[in-house]
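A.B. asks:
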Amino acid sequence: MDYTVEPNKLLIDTWRIGAIGASEYDLSLYGPNGFFRGFKGTVSGSQRANLDVHVAYEEETNAIRLDISNRASHTVRVGVMNAYRSRGMNSVLGPGDTDSKSWSLKAAGGWYDLTITVENDPDFEYRLAGHMENGEDSISDPAMGGVV
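Numbering (my numbering), first residue to last: 5 to 152.
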């Protein structure tokens, strides 16, 4: 299913994957200038991940922040890998816990590519990529030419 959304408009839809006998999801969202959001996982299983991920640009410091909350009833070990840096983040979140982490985007010219995984749920993966638009001159995605 494809959608086109105009600027400053909102799209809301529901996919009832259980109603068609499926238990897995793989949703991709594309936007201008490399904007990408990918969501993969399952809707069944006692150890499945159930994270709420909030993304915010911190324009004053040229950074991106993730607030990750565990909505599951069990403890999870969350990993975030930054494709532009060798460093990532690992966090243990109990039920209802939230952890926040910011990454500077200065070295990559405002570009980011973060992948969120959960240790005991190999089907779970959220990917967030794009460019922080701030109205200033920038560079092309450094990962495209193998610079990073």
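Heads up, the beta-carbon is just placed ideally off N, CA and C, and yes, glycines get one too. Predicted model, so just to flag it, every value in this text is computed and none were measured.
Taking the Cβ atom as the reference point for each residue, do residue 112 and residue 130 lie within a distance shorter than 8 Å?
C.D. replies: Indexing the sequence shown from 1 puts residue 112 at position 108. Indexing the sequence shown from 1 puts residue 130 at position 126. In this structure, residue 130 does not lie closer than 8 Å to residue 112 by Cβ.
A.B. asks: Who does residue 108 pair with in a DSSP beta bridge?
C.D. replies: Translated into positions along the sequence shown, residue 108 becomes position 104. 67, per the DSSP bridge assignment.
A.B. asks: Provide the residue span of the beta strand (DSSP E) that contains residue 85, from first to last.
C.D. replies: Start at 1 with the first residue of the sequence shown, and residue 85 comes out as number 81. Counting along the chain, the beta strand (DSSP E) containing residue 85 begins and ends at 80-86.
A.B. asks: Would you decide whether residue 33 is buried or exposed? Buried here means 16 or more other CB atoms lie within 10 Å of its CB.
C.D. replies: Translated into positions along the sequence shown, residue 33 becomes position 29. When all chains shown are included, residue 33 counts as exposed.
A.B. asks: How do the segment 80-100 and the segment 118-133 stand: do at least 3 beta-carbon pairs fall below 8 Å, yes or no?
C.D. replies: Contact holds: three or more Cβ-Cβ distances are below 8 Å.
A.B. asks: Any contact between the segment 94-109 and the segment 6-24? By contact I mean 3 or more CB pairs, one from each, below 8 Å.
C.D. replies: Verdict: no, contact absent.
A.B. asks: Mapping DSSP to helix, strand and coil, what is residue 92?
C.D. replies: To locate residue 92, count along the sequence shown from 1; it is residue 88. Here residue 92 sits in strand by DSSP.
A.B. asks: Specify, as a first and last residue, the run of the beta strand (DSSP E) that residue 44 falls within.
C.D. replies: Taking the first residue of the sequence shown as 1, we reach residue 44 at position 40. Note, residue 44: beta strand (DSSP E), 40-46.
A.B. asks: With DSSP run on the structure shown, which of helix, strand or coil describes residue 60?
C.D. replies: Here the question's residue 60 lines up with position 56 in the sequence shown. In this structure, residue 60 counts as strand in the three-state DSSP scheme.
A.B. asks: Give the range of the beta strand (DSSP E) segment to which residue 115 is assigned.
C.D. replies: Taking the first residue of the sequence shown as 1, we reach residue 115 at position 111. Run containing residue 115: 115-122, per the beta strand (DSSP E) assignment.
A.B. asks: Beta-carbon within less than 6 Å of residue 48's beta-carbon, same chain only, minus the 5 sequence neighbours each way: which residues are those?
C.D. replies: As a first step, residue 48 is located in the sequence shown; it is residue number 44 there, counting from the start. Excluding positions up to five away in sequence, the list reads 27.
A.B. asks: Kindly indicate which three-state DSSP category residue 134 falls into: helix, strand or coil?
C.D. replies: Numbered from 1 along the sequence shown, position 130 holds the residue referred to as residue 134. Residue 134: strand per DSSP, three-state reduction.
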